[in-house]
Amino acid sequence: MAAGLGAESDHQQQKSIADFDPQKKPPKRNKYAFACAILASMTSTLLGYDIGVMSGAAIFIQEDLKITDVQVEVLVGTLNIYSLLGSAAAGRTSDWIGRRYTIVLAGAIFFVGALLMGFSTNYAFLMVGRFVAGIGVGYALMIAPVYTAEVSPASTRGFLTSFPEVFINAGILLGYVSNFALSKLSLRLGWRMMLGIGAIPSVFLAVIVLWMPESPRWLVMQGRLADAKKVLDKTSDSKEEALQRLDDIKEAAGIPLEWNDDVVVVPKNGRSGEAVWKELLLHPTKAVRHILIAGVGIHFFQQASGIDAVVLYSPRIFAKAGITSKNGKLLATIAVGVVKTLFILIATFLLDRIGRRPLLLSSVGGMIISLATLGFSLTIIDHSQKKLTWAVGLAITTVMSYVAFFSIGMGPITWVYSSEIFPLKLRAQGTSMGVAVNRLTSGVISTSFISLYKAMTIGGTFFLFAGIASVAWIFFYTCYPETQGRNLEDVEKLFGNFHWLRDSKAAKKTAAANNQSNGDASGASNVQLVGRGVTNGNN
Numbered sequence: 001m002a003a004g005l006g007a008e009s010d011h012q013q014q015k016s017i018a019d020f021d022p023q024k025k026p027p028k029r030n031k032y033a034f035a036c037a038i039l040a041s042m043t044s045t046l047l048g049y050d051i052g053v054m055s056g057a058a059i060f061i062q063e064d065l066k067i068t069d070v071q072v073e074v075l076v077g078t079l080n081i082y083s084l085l086g087s088a089a090a091g092r093t094s095d096w097i098g099r100r101y102t103i104v105l106a107g108a109i110f111f112v113g114a115l116l117m118g119f120s121t122n123y124a125f126l127m128v129g130r131f132v133a134g135i136g137v138g139y140a141l142m143i144a145p146v147y148t149a150e151v152s153p154a155s156t157r158g159f160l161t162s163f164p165e166v167f168i169n170a171g172i173l174l175g176y177v178s179n180f181a182l183s184k185l186s187l188r189l190g191w192r193m194m195l196g197i198g199a200i201p202s203v204f205l206a207v208i209v210l211w212m213p214e215s216p217r218w219l220v221m222q223g224r225l226a227d228a229k230k231v232l233d234k235t236s237d238s239k240e241e242a243l244q245r246l247d248d249i250k251e252a253a254g255i256p257l258e259w260n261d262d263v264v265v266v267p268k269n270g271r272s273g274e275a276v277w278k279e280l281l282l283h284p285t286k287a288v289r290h291i292l293i294a295g296v297g298i299h300f301f302q303q304a305s306g307i308d309a310v311v312l313y314s315p316r317i318f319a320k321a322g323i324t325s326k327n328g329k330l331l332a333t334i335a336v337g338v339v340k341t342l343f344i345l346i347a348t349f350l351l352d353r354i355g356r357r358p359l360l361l362s363s364v365g366g367m368i369i370s371l372a373t374l375g376f377s378l379t380i381i382d383h384s385q386k387k388l389t390w391a392v393g394l395a396i397t398t399v400m401s402y403v404a405f406f407s408i409g410m411g412p413i414t415w416v417y418s419s420e421i422f423p424l425k426l427r428a429q430g431t432s433m434g435v436a437v438n439r440l441t442s443g444v445i446s447t448s449f450i451s452l453y454k455a456m457t458i459g460g461t462f463f464l465f466a467g468i469a470s471v472a473w474i475f476f477y478t479c480y481p482e483t484q485g486r487n488l489e490d491v492e493k494l495f496g497n498f499h500w501l502r503d504s505k506a507a508k509k510t511a512a513a514n515n516q517s518n519g520d521a522s523g524a525s526n527v528q529l530v531g532r533g534v535t536n537g538n539n
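In the UniProt record's numbering, the protein residues as written are 1 to 539.
Structural data, given as structure tokens:
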């Protein structure tokens with residue numbers, strides 16, 4: 001009996017040590033939250049496909065409709081400006097009808113736009129289709145990351161919230177492949193098929209979204225606590241985390257923690273739209289002002305550093321680099337799509353391991369080097385009287401490295417970061433503001449790129465983008481705290497103090513020292529246990 005008690009005591013001691021082991025494995029990935037994130041993020045494929053397909057379709061549209069370079073710029077770039085209307089309306093719409101039905105609405109609007117573009121008979125008709133599709137894209141861009149962030153547990157939020165960018169890249173690759181596959185059709189039919197075929201995935205997406213649960217945070221904002229708890233139980237790593245998330249959301253929504261009825265009446269100040277805009281823009285706290293600058297700033301720099309210019313006009317860039325055949329240019333753009341998709345997939349696994357901040361700074365640093373080298377190689381090619389194979393190879397390589405560095409950090413982190421930093425009652429409107437800045441900046445770049453490189457040379461344009469990316473790196477280094485592993489309701493506490501960088505460094509040193517001491521203590525305990533086991537065995 002004494003031996004039994006001794007064994008039980010040893011077992012309990014081993015169990016307690018395992019419970020506090022710093023090397024303890026993290027919880028398994030929540031499959032239900034994973035599925036919800038995939039379904040919501042698939043709506044981003046619509047934007048990606050449109051970007052990818054238009055880069056090649058523009059070649060054939062210009063040839064068929066006999067339009068000028070300026071008209072090509074307007075055609076390609078205005079979808080991003082039109083999407084401003086969608087993203088501006090999406091915040092209020094999602095608070096009104098819910099996140100899930102807003103995704104359905106986005107798919108339905110894009111479906112109509114894709115059909116109009118596919119059946120267009122002239123440039124004006126085509127622009128009407130672009131307008132409608134742009135509104136659908138704006139809705140999808142704003143709501144996908146918000147829904148995914150609100151469903152995801154903190155342990156995998158970075159991984160899951162990066163999915164919209166993954167599907168944007170997948171859509172771009174599909175668009176590039178569609179360009180190449182349909183380029184063999186007749187001139188009049190080919191580009192119309194490229195654009196019109198985008199209606200098919202929008203129908204599929206609108207249907208499958210109906211199987212998704214509603215966002216638990218939106219349910220709490222409506223006072224539907226029982227429904228929110230059911231969703232949180234399925235999307236959290238543990239029952240305890242689900243209860244904690246529910247309490248955090250209730251507190252953020254202004255609902256007293258002791259209210260536990262299935263349905264409650266939400267206090268008016270918890271969901272007043274006018275009050276939200278006042279708190280966000282007119283009378284923000286120090287923390288909210290910092291969050292707004294960070295949320296809008298990251299969207300601005302993502303596009304101002306030239307990614308849409310490269311993705312939308314890659315055939316022209318490759319032509320400037322010395323690739324002359326249509327097939328060669330289209331195949332090179334497919335390579336761009338493959339690289340972007342591959343590196344965004346790598347990024348999804350790094351976000352919750354390395355953290356947002358190191359990945360973002362490394363990514364932008366690589367973009368600066370790539371853009372500067374691309375500008376150098378294109379300048380050499382532009383001023384050379386003969387074809388320089390090494391310069392052509394360098395230009396193509398740096399295009400690939402630029403999209404790789406973008407996709408491994410700047411691309412996904414923009415959506416992850418902006419969707420998780422805003423407080424609950426400001427999240428829909430704050431995120432929609434970020435998306436609006438993103439689309440406006442993208443629209444300005446994509447509607448002026450051809451005119452810009454004609455005015456200041458193709459190489460000079462990429463030197464400009466490199467300069468903007470350098471400013472972005474400094475901005476991110478000084479203004480962006482790490483949010484990895486934090487609950488959404490806790491993230492706000494990181495902002496409002498611009499001395500956080502000093503505090504963060506001190507915290508890292510303390511954590512490293514604690515981990516080292518814990519490791520030494522754990523090692524000593526394990527030695528004692530082993531010794532005790534040997535002694536017991538000898539007895």
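C-beta: ideal position from N, C-alpha, C; glycine also.
Predicted model, so just to flag it, every value in this text is computed and none were measured.
Cβ atoms of residue j and residue i: under 9 Å apart, would you say?
| i | j | result |
| --- | --- | --- |
| F111 | A35 | no |
| G56 | P315 | yes |
| D382 | K329 | no |
| F465 | G375 | yes |
| V177 | F300 | no |
| M193 | L185 | yes |
| M433 | V339 | no |
| A133 | I109 | yes |
| A154 | L47 | no |
| residue 611 | S183 | Residue 611 lies beyond the range of the chain shown here (1 to 539); nothing can be said about it. |
| T78 | G443 | yes |
| I293 | S418 | no |
| N30 | K234 | yes |
| W191 | F60 | yes |
| T447 | E73 | yes |
| S407 | E63 | no |
Beta-carbon within less than 8 Å of residue i's beta-carbon, same chain only, minus the 5 sequence neighbours each way: which residues are those?
| i | result |
| --- | --- |
| T45 | F167, I168, A170, G171, L174, P201, L205 |
| L388 | I380, I381 |
| V209 | L39, A40, T43, R100, I103, V104, G107 |
| S162 | I344, A347, T348, L351, P412, I413, W415, V416 |
Could you give the first and the last residue of the continuous alpha helix (DSSP H) run that contains residue i?
| i | result |
| --- | --- |
| A154 | Per DSSP, A154 belongs to no alpha helix (DSSP H) and is neither H nor E. |
| E63 | 45 to 65 |
| M400 | 389 to 405 |
| M432 | The amino acid occupying residue 432 in the given sequence is Ser; Met does not appear at that position. Where S432 is concerned, the enclosing alpha helix (DSSP H) stretches over 424 to 456. |
| K234 | 225 to 235 |
| W259 | Neither: W259 is in no alpha helix (DSSP H) and is coded neither H nor E. |
| I81 | 69 to 97 |
| Y32 | 31 to 41 |
| Y417 | 411 to 421 |
| G254 | Where G254 is concerned, there is no enclosing alpha helix (DSSP H), given that its DSSP letter is neither H nor E. |
| S314 | 314 to 321 |
| V296 | 286 to 304 |
Between residue i and the rest of its own chain, which residues show a CB-CB distance below 6 Å, the 5 nearest in sequence each way excluded?
| i | result |
| --- | --- |
| A304 | T441, I468 |
| K24 | Note that K24 scores 46 on pLDDT, short of 50, meaning its location in the model is unreliable; the coordinates nonetheless yield the value given after this. Taken in chain order, the list of residues that qualify is empty. |
| L232 | P216, A242, R245, L246 |
| S120 | L126, G129 |
| T43 | I103, A106, A140, A144, L205 |
| L160 | A37, T148, S152 |
For residue i, which residues in the same chain have their Cβ closer than 7 Å to its Cβ, ignoring the five residues on either side in sequence?
| i | result |
| --- | --- |
| R427 | V146 |
| R157 | A149, E420 |
| L350 | L359 |
| F405 | S363, G366, M367, S370 |
| G322 | I381, K387, V392 |
| L378 | K320, A321, A395, I458, G459, F462 |
| W473 | L361, V364, G365, I368 |
| V137 | L46, L47, D50, L79, S83, G86, F110 |
Would you grab the beta carbon distance between residue i and residue j for me? Rounded to a whole angstrom, and I think it's under 8 Å.
| i | j | result |
| --- | --- | --- |
| L189 | L126 | About 15 Å; that fails the 8 Å criterion. |
| R357 | E482 | 5 Å |
| R129 | G113 | Here residue 129 is Gly; the residue named in the question, Arg, does not match the sequence. Going by Cβ atoms, the distance from G129 to G113 rounds to 5 Å, so yes, they are a contact pair. |
| G496 | T285 | 7 Å |
| V53 | G198 | 7 Å |
| I249 | L424 | 6 Å |
| V403 | V336 | 6 Å |
| A33 | S152 | 5 Å |
| V263 | I255 | Rounded, the Cβ-Cβ distance is 11 Å, inconsistent with contact. |
| G196 | L312 | Their Cβ separation, rounded to whole angstroms, is 19 Å, which puts G196 and L312 out of contact at 8 Å. |
Legend entry - Every unbroken alpha helix (DSSP H) inside the segment 182 to 221 [4 residues or more]: 187 to 196, 199 to 208, 216 to 221
Inset, instruction - Report the residue ranges of all alpha helix (DSSP H) runs contained in full by the segment 335 to 362; include only those spanning at least 4 residues, in chain order. - result: none
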